[in-house]
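Colleague: In my numbering, the protein residues as written are 38 to 168.
My questions will all concern the structure given below.
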Amino acid sequence: MASTDDALAIVGLILAIKKLIKPKRYRTVWCKNWLRKREQYSHINLLNELRFAPKDWHNYLRMDEETYLKLLSMVTPFIRKRDTVMRQAIPPHERLTATLRFLATGRSYEDLKYTTIISPQALGVIIPENM
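As structure tokens, this is what we get:
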């Protein structure tokens, strides 16, 4: 009789412990769909339009286009990353522009993600690397 009570107590304890342990949640989405459309919605399209308005270009990046292109050519070897099997690397001009916008505006990574179409986690790596 005692062994049956002990067995029931052990089974009850095991069931209680299993109920306390939360099942592992798997990520349902690797990357948000709108972040995948970086080429379509990115600030780079805006920069292409701003080339025709030098004052607006200067207001956006706090430097003229010539200085930007010179800076880009100087830092490209240091900030270029390679594509992987999992995803394409963020190009150097997008990395530099995101860093310059951060320095020019002081906006948070969470806020910059909407104009750069780069995740805040990636911005948190890119911007300190580039500074």
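Note that the Cβ used here is the ideal one computed from N, Cα and C, for glycine as well.
Would you call Leu52 buried or exposed, if buried means 16 or more other Cβ atoms sit within 10 Å of its Cβ?
Modeller: As a working note, residue 52 is residue 15 in the sequence shown. Exposed, by the Cβ-count rule.
Colleague: Would you decide whether Lys118 is buried or exposed? Buried here means 16 or more other CB atoms lie within 10 Å of its CB.
Modeller: Locating residue 118 in the sequence shown gives position 81, counting from the first residue. With fewer than 16 Cβ atoms within 10 Å of its Cβ, Lys118 is classed as exposed.
Colleague: Looking at the structure shown, is Met111 part of a helix, part of a strand, or coil, going by DSSP?
Modeller: Looking up residue 111 in the sequence shown gives position 74. Looking at Met111 - three-state DSSP - the assignment turns out to be helix.
Colleague: By how many angstroms is the C-alpha of Asp93 removed from the C-alpha of Ile127?
Modeller: Indexing the sequence shown from 1 puts residue 127 at position 90. Indexing the sequence shown from 1 puts residue 93 at position 56. Taking the straight line joining both Cα atoms gives about 24 Å.
Colleague: Rounded to whole angstroms, what's the CA-CA distance from Leu84 to Ile54? Just pull it up for me.
Modeller: Walking along the sequence shown from the start, residue 84 turns up at place 47. Walking along the sequence shown from the start, residue 54 turns up at place 17. About 57 Å.
Colleague: Tell me the DSSP secondary structure of Gln158 in three-state form.
Modeller: Taking the first residue of the sequence shown as 1, we reach residue 158 at position 121. Of the three classes helix, strand and coil, the one that applies to Gln158 here is helix, per DSSP.
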